[in-house]
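Undergrad:
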Amino acid sequence: MTPPLIELSGITKAFAGVRALVDGTLELNEGEVTALIGENGAGKSTLVKILTGIFPPDSGTIRLAGDAVTIGSTVNAERLGITAVHQEAVVFDDLSVAENIFVSNRPRGRFGMVDWPKMRRQARGLLAELEVDLDPNLPLRSLSIAQKHLVQIARALSRKARLVIMDEPTAALSHREAEDILRIIERLKYEGHAVLFISHKFEDVMRVADRYAVFRDGATVGTGRVAETNTSELIRLMVGRPVDQIFPKIDVPFSEEMLRVEGFCHPTEFDDVSFSVRGGEILGVYGLVGAGRSEVMKAVFGVTRPSAGRVFVKGQAIMIGGPADAIAAGIVYVPEDRQNQGAAVKQSILDNISLPNLSRLSTAGFVNRGRERTVADALTRRLEVRMSHLYQPVEDLSGGNQQKVVIAKWLATEPKILILDEPTKGIDVGSKAAVHRFVAELVGQGLAVVMISSELPEVLGMADRIMVMAQGRVRHTFTRAQATPEAVVRAATDA
Amino acid sequence: MKAAVPLPVPPHPAVASLRRWLDGRDVALAALNLVLLFAVALKFPDFLAPRNMADILDDTAILFLMALAEMLVILTGAIDLSVAANLALTGVSVALVNAAHPGLGVAPIIAMALVMGAALGAGNAVLICKLGLPSIVVTLGTLAIYRGCIFLLTGGAWVNSNQMSDAFLNFIRVSFLGLTTLTWIAILGIAAAGLFLRFSVAGRNLYVIGGNRLAATYAGIDPGRTQALAFLISGAVSGLCGYFWVSRFAVAYVEVAQGFELQVIAACVIGGVSIAGGLGTVPGVVLGALFLGIIKNALPLIGVSPFWQMAIAGTVITLAVVINARSEGRAQGRRILQENTA
């Protein structure tokens, strides 16, 4: 029997102590589509980056047609015939379709000069092979996301790829656009390529994949033939983890309604989103990456403007023209992207915590440094921020402790409604528990919390109600009693 | 198959190929240059005389070369502020060598200017591309170092025209078909830049890494090495222009080309080169430099102090940036919402 084209076994990878891959095991055969399935953060993208040579694994072996290989670099991955179509179309917007296809292997003519007519001809040939009707001269800027994906697939083919990796190519596409991609995947398989197809859409997996591999918490937890399984089985594998996290959920009596959002619309990002949250309640917002969850919350906070919809705080309609209005109304938003939106990372912990509170902490326009320190001291103690002193720059802290500083900063404003966007993403287990404990404590004090999270156990463990979003719309809202992992994933994935 | 998404209507092939060379902004800039020329000519018909046109070209030749070299760096998303200081240091050095060895021909002088300029550029390249330091800080530092070196070399003394050999002075002044050698070199430089950026892999990769550095890495292109080449060329061209400058003005001293880097960058920005990298054309930069050259030559004629030149250039740059921001702002974000029918 011929060995598989690619065989991964026992691949591990950790980033700053956080383990992204614990035991990545995978077999890919030529002429076969293998679906890689798993929740956000299960380690799929890390595996793709190892396969394409963006970074090396910490340990484990990679075999190509039976021989152990070191991929080492993106150039070498390409030489070995491994190419990837990344989830966020990684393209050059100002270059033409033809040049995007041949960006690392431009046809050359005399004196090693780029042969443009030949490049355009070959591009036209490749696009025709894919049955895609695209002018090779068009700049990528003028194309839709689906078309950009097609260009990336053509790029993969131009390099004589043996393995084509598709990282959620259909995630951001409409049904009709996705159809083109699926058709091409079937074609690649028919022509003898190995395809690794990463997707959250079970319908697509069932249709094009021959085999599946399910990843959970950085390890392969199940593999097999798609024909011998079904969607429920795959979902069960995906979410069925041992309950190794005890969530400090305290049942608090709900008080009055704190925040109500009605009919929020946006031309491209979300449509008719309504929800409400009471004091003492945690509303979990679950969905896949790109479901529009953060976009809705940013609009509530006034970072962007919805095209329609109203916001009520304690039953009173309020106008939100910008974040300052939201903060004044008692709404705060802790963004997902700590480094860029959450913290001024080069500034000290003290400065970060004082930032939104300066007017409260000052007298006659001068900041009272003593009061500033007292407030920051109390909050960092309460949140158990691990630091050497208050004047340490935030960037020196671990991810978890950075997140605590960001939350502390907002708590000092004494908000009524706290919106947390992926509060524990990419932070270590210990800090996660501290953040969870703290959120529970806040709700106990009567705050209303909206918590966006892609981590199912977190949502199921912490939330009183769960609102599931997909493709910019609210799909379902579950009560705590109704919410089973399978039902929530089903609602989020269209299964 | 039928494309699932409605495609933009493709333009006529001839129009499309013309557009590849000249975009709308270049055409507008060319028109602006013409309007400027004719406006001045209304009052001073001699301004359009071939003799005067040739003078303007000769006067702008160094700016053409320097702006094109700077464009290579800006395309990669970096900036080189040390070009004028490099020009001055190399210019003064070759002038000193010429003063010490008047018998030396022009060829060794040119070779020395190129090598010395490239070496100074390589210094920038190591700090920026290898150590990953921000180019604006590094080149601000090397700018000051190079200027300081001139002072150390000369002790503040001038190298005057009577210390320069005839060959050293005359090379760039020889006239051929009504244009000086310097102008011809600039024309050659423009053609070379056009060919390099259009037909060489290295030239294309400058757009690639400036357009999307991450994607370039994913595509197996080394951004550091590509960018280093841009700094090397920028240095070599600055060095060569150093010789041209001291020869043309027949004097070399510490303040040679003081502040000239601002004009060089201005020519790029007016010519539509995006400071963020990845966007810029040779015709655009040539027109941008020409625009500054015309203003500089026209102002004294119409009785306006040359001090106005930078103010006018500044106004045009600001306008150019506003126009760029508007035309680039339409880039579409991702769409989350889907049709209900899907």
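Chain order of the listed sequences is A and B.
According to our numbering, the first sequence is numbered sequentially starting from 1.
According to our numbering, the second sequence is numbered sequentially starting from 1001.
Here a beta-carbon is modelled for each residue, glycine too, at the ideal position from N, C-alpha and C.
A/PRO242 to A/ILE250, Cα distance in whole Å?
TA: Bear in mind that a pLDDT of 47 at A/PRO242, under 50, signals an unreliable position, so the model cannot answer this.
Undergrad: Taking all protein chains shown into account, decide if A/PHE500 is buried (16 or more other Cβ within 10 angstroms of its Cβ) or exposed.
TA: The structure shown does not extend to residue 500 of chain A, since chain A spans only 1 to 495, so no value can be given for it.
Undergrad: Name the two residues that bound the continuous alpha helix (DSSP H) containing B/CYS1149.
TA: Unbroken alpha helix (DSSP H) run through B/CYS1149: 1135-1154.
Undergrad: In angstroms with no decimal places, state the Cα-to-Cα distance between B/ILE1136 and A/SER431.
TA: About 39 angstroms.
Undergrad: Give the interface partners of A/HIS86 over in chain B, defined as CB-CB distance under 9 angstroms, in chain order.
TA: ALA1215, TYR1218, listed in chain order.
Undergrad: Show which residues of chain A have a CB atom less than 8 angstroms away from the CB atom of B/LEU1279.
TA: ASP94, listed in chain order.
Undergrad: Measure from the C-beta of B/ARG1025 to each C-beta in chain A and report whether the shortest distance is under 8 angstroms.
TA: For B/ARG1025, the answer is no, since every Cβ of chain A falls outside 8 angstroms of its Cβ.
Undergrad: By the criterion of Cβ-Cβ separation under 7 angstroms, what are the contact partners of A/MET206 in chain B?
TA: Correct list: empty, because the minimum Cβ distance to chain B is about 18 angstroms.
Undergrad: Comparing alpha-carbon positions, which option in B/PHE1044, B/ILE1062, B/GLY1105 lies nearest B/LEU1292?
TA: Considering only alpha carbons, the answer is B/ILE1062.
Undergrad: Measure the Cβ-Cβ separation of A/LEU420 and A/MET469 and say whether it is below 8 angstroms.
TA: Taking 8 angstroms as the Cβ cut-off, A/LEU420 and A/MET469 do not qualify as a contacting pair.
Undergrad: If I follow the unbroken beta strand (DSSP E) through A/ARG216, where does it start and stop?
TA: Start and end: 211-216.
Undergrad: Please identify the residue among A/LEU460, A/GLY472, A/HIS149 whose C-alpha is closest to the C-alpha of A/VAL132.
TA: It is A/HIS149 whose Cα lies nearest to the Cα of A/VAL132.
Undergrad: Assuming A/ALA98 contacts A/ARG120 (C-beta within less than 8 angstroms), just tell me the rounded distance between them.
TA: So it is a contact: roughly 5 angstroms between Cβ atoms.
Undergrad: Would you say A/ARG106 reaches chain B, if we count a Cβ-Cβ gap shorter than 8 angstroms as a contact?
TA: So yes, A/ARG106 belongs to the interface.
Undergrad: If A/LEU390 and A/ILE349 are in contact, beta carbons under 8 angstroms, what's the gap, nearest whole angstrom?
TA: Indeed they touch by this definition, with Cβ atoms about 5 angstroms apart.
Undergrad: My output table needs one value for A/LYS189: the three-state DSSP class, helix, strand or coil.
TA: Three-state DSSP puts A/LYS189 in a helix.
Undergrad: Is the beta carbon of A/LEU143 less than 8 angstroms from the beta carbon of A/ALA65?
TA: Not a contact, by the Cβ cut-off of 8 angstroms.
Undergrad: Could you pull the DSSP bridge partners for A/HIS476 from this structure?
TA: A/VAL468, per the DSSP bridge assignment.
Undergrad: Could you check how far apart the C-beta atoms of A/ALA35 and A/VAL205 are, in whole angstroms? I think they sit under 8 angstroms.
TA: Sure, about 4 angstroms apart at Cβ, within 8 angstroms.
Undergrad: Across which residues does DSSP place A/LEU36 in a beta bridge pair?
TA: Per DSSP, A/ILE198, A/ALA213.
Undergrad: Would you report the Cα separation of B/LYS1296 and A/ARG162, rounded to the nearest angstrom?
TA: Their Cα atoms are separated by approximately 60 angstroms.
Undergrad: Identify the residues that DSSP records as bridge partners of A/PHE312: which are they?
TA: Per DSSP, A/ARG260, A/ALA317.
Undergrad: Closest to A/ASN29 by CA distance: which of A/ARG225, A/SER274, A/GLU262, A/ILE320 is it?
TA: The option with the nearest alpha carbon to A/ASN29 is A/ARG225.
Undergrad: A/ALA14: buried (16+ other C-beta within 10 angstroms of its C-beta) or exposed?
TA: Exposed: under 16 other Cβ atoms inside 10 Å.
Undergrad: Of the residues B/TYR1218, B/ALA1236, B/TRP1245, B/VAL1237, which one's Cα is nearest the Cα of A/PHE92?
TA: Cα-wise, what sits closest to A/PHE92 is B/TYR1218.
Undergrad: What does DSSP give as the partner residue(s) for A/LEU350 in the beta ladder?
TA: Answer is none; A/LEU350 lacks a bridge partner.
Undergrad: Kindly indicate the opening and closing residues of the beta strand (DSSP E) around A/ASP167.
TA: A/ASP167 -> beta strand (DSSP E) spans 163-167.
Undergrad: Give the single residue among A/ARG141, A/GLY31, A/ILE11 whose Cα lies nearest to the Cα of A/LYS49.
TA: Checked all of A/ARG141, A/GLY31, A/ILE11; the closest Cα to A/LYS49 is A/ILE11.
Undergrad: Just the chain B side, please: which residues come within less than 7 angstroms of A/MET113 by C-beta, in chain order?
TA: Chain B residues near A/MET113: PHE1199, SER1200.
Undergrad: In the region 1193-1235 of chain B, which residue ranges form an unbroken alpha helix (DSSP H) of at least 4 residues, counting only runs that do not cross its ends?
TA: The qualifying runs are 1201-1211, 1213-1218.
Undergrad: To test your reading of the DSSP string, which unbroken alpha helix (DSSP H) runs of 4 or more residues are found completely within the region 1092-1134 of chain B?
TA: Counting whole runs of 4 or more residues, the region 1092-1134 of chain B contains the alpha helix (DSSP H) stretches 1106-1125.
Undergrad: On a Cα-Cα basis, can you pick out the residue from B/PHE1168, B/ALA1186, B/LEU1214, B/ALA1267 that is closest to B/LEU1287?
TA: For B/LEU1287, the nearest C-alpha among the options comes from B/ALA1267.
Undergrad: Leaving out five residues on either side along the sequence, give the residues of the same chain with a beta carbon under 8 angstroms from the beta carbon of B/LEU1120.
TA: If we look at B/LEU1120 and ignore the five residues flanking it on each side, its Cβ neighbours are SER1082, ASN1086, LEU1089, THR1090, THR1142, TYR1146, GLY1235, SER1238, GLY1239.
Undergrad: Just tell me which of B/GLN1263, B/VAL1246, B/GLY1224, B/PRO1283 has its CA closest to the CA of B/GLN1309.
TA: That would be B/GLN1263, whose Cα lies nearest to the Cα of B/GLN1309.
Undergrad: From the beta carbon of B/VAL1208, is the nearest beta carbon of chain A less than 8 angstroms away?
TA: For B/VAL1208, the answer is yes, since a Cβ of chain A falls inside 8 angstroms of its Cβ.
Undergrad: In terms of residues, what are the limits of the beta strand (DSSP E) holding A/VAL450?
TA: Taken as a continuous stretch (DSSP letters only), the beta strand (DSSP E) holding A/VAL450 covers 448-452.
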